[in-house]
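In this note's numbering, the protein residues as written are 1 to 230. Just so it is clear, CB atoms sit at the ideal spot from N, CA and C, and this is done for glycine as well. Below is one structure, written out as structure tokens, with a few remarks after it.
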């Protein structure tokens with residue numbers, strides 16, 4: 001039986017999220033290796049593959065952590081990689097997967113977000129979902145809210161019938177919706193995150209940069225008559 005306590009989590013590891021969507025209690029597989037979970041948990045492999053692809057394709061969906069072996073081959077560390085639960089719920093709804101652990105979150109979805117509703121208005125739904133997505137992003141990467149919303153609308157234009165005959169996004173519709181959704185209408189550069197640790201603010205995660213070792217180490221031999229460089 002799956003514990004309801006998982007619904008307290010704002011983000012889950014790829015392993016945990018994949019198991020929950022596939023209908024398994026993650027605690028039952030806590031000590032298992034990935035290959036064992038692939039074999040023992042039905043549908044886990046398919047869900048894991050879909051979530052990893054969504055992380056790569058959807059901004060703010062989650063983050064992948066890479067590791068490498070002694071031969072410098074890169075691998076995904078799925079226990080350290082994560083997805084955010086709110087974008088995950090939206091993703092599952094888009095795919096029509098409502099019979100899963102997260103399905104109860106869709107029972108109370110407002111009708112204006114449901115394409116099957118007789119009065120469904122695509123651009124209204126686009127505005128709401130764009131706002132929900134962007135306001136959940138931990139970092140706008142130097143963009144204003146309006147620019148971030150426009151980017152999301154272009155990437156999802158086809159879902160809301162906002163494309164021209166050639167398949168490109170309808171820029172006039174995107175501009176109009178982004179203007180309505182924008183919570184920073186005064187414009188200006190986005191605020192820089194504070195570095196004051198006393199404010200208890202979470203700083204953006206910085207990935208380490210691995211540098212290749214130099215071909216040869218610089219010489220450290222000095223003449224005793226020379227000035228010692230320290």
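(request) Report the residue ranges of all alpha helix (DSSP H) runs contained in full by the region 91-171; include only those spanning at least 4 residues, in chain order. (result) Given a length threshold of 4 residues, each whole run of the alpha helix (DSSP H) inside the region 91-171 is given here in chain order: 122-135 and 145-155.
(request) For residue 178, I'd like the list of residues in its chain whose CB is within less than 7 Å of its CB, leaving aside the five on either flank, ordered along the chain. (result) In its chain, beyond the 5 residues on either side, 146, 149, 150 and 153 have a beta carbon closer than 7 Å to the beta carbon of residue 178.
(request) For the alpha helix (DSSP H) holding residue 51, just list the boundary residues, first then last. (result) It spans 44-57 - the alpha helix (DSSP H) in which residue 51 sits, taken as one unbroken run.
(message) Between which residues of its own chain and residue 41 is the CB-CB distance below 7 Å, once the five residues before and five after are set aside?
(response) 19, 22, 24 and 29.
(message) Rounded to whole angstroms, what is the Cα-Cα separation between residue 180 and residue 124?
(response) Annotation: residue 180 to residue 124 spans about 10 Å, alpha carbon to alpha carbon.
(message) By alpha-carbon positions, which one of 83, 122 and 172 ends up nearest to residue 50?
(response) It is 83.
(message) For a quick check, are the C-beta atoms of residue 160 and residue 122 less than 8 Å apart?
(response) Taking the C-beta atoms as reference points, residue 122 is found nearer than 8 Å to residue 160.
(message) Can you tell me which residues form a DSSP beta bridge with residue 13?
(response) According to DSSP, residue pairing for residue 13 in a beta bridge involves 82.
(request) Could you give the DSSP three-state label for residue 63: helix, strand or coil? (result) In the structure shown, residue 63 sits in a strand (DSSP, three-state: E or B).
(request) Mind checking who residue 75 pairs with in its DSSP beta bridge? (result) As DSSP reads the structure, residue 75 sits in a beta bridge with 67.
(request) State the Cα-Cα distance for the pair residue 60 and residue 115, rounded to the nearest angstrom. (result) Looking at the backbone, the Cα of residue 60 and that of residue 115 are separated by about 24 Å.
(request) Determine the closest residue to residue 94 out of 68, 64, 129 and 52, with distance taken between C-alpha atoms. (result) Taking only the C-alpha atoms, the option nearest residue 94 is 129.
(message) Considering only heavy atoms of the ligand HEM, does any lie closer than 7 Å to the CB of residue 41?
(response) Ligands are entirely absent from the displayed structure, and the ligand HEM is therefore not among its contents.
(request) Could you tell me the distance, in whole angstroms, from the CA atom of residue 32 to the CA atom of residue 171? (result) Cα to Cα, residue 32 sits roughly 49 Å from residue 171.
(request) Over the uninterrupted alpha helix (DSSP H) stretch that includes residue 38, give me the two end residues. (result) Under the DSSP assignment, residue 38 falls in the alpha helix (DSSP H) whose first and last residues are 34-40.
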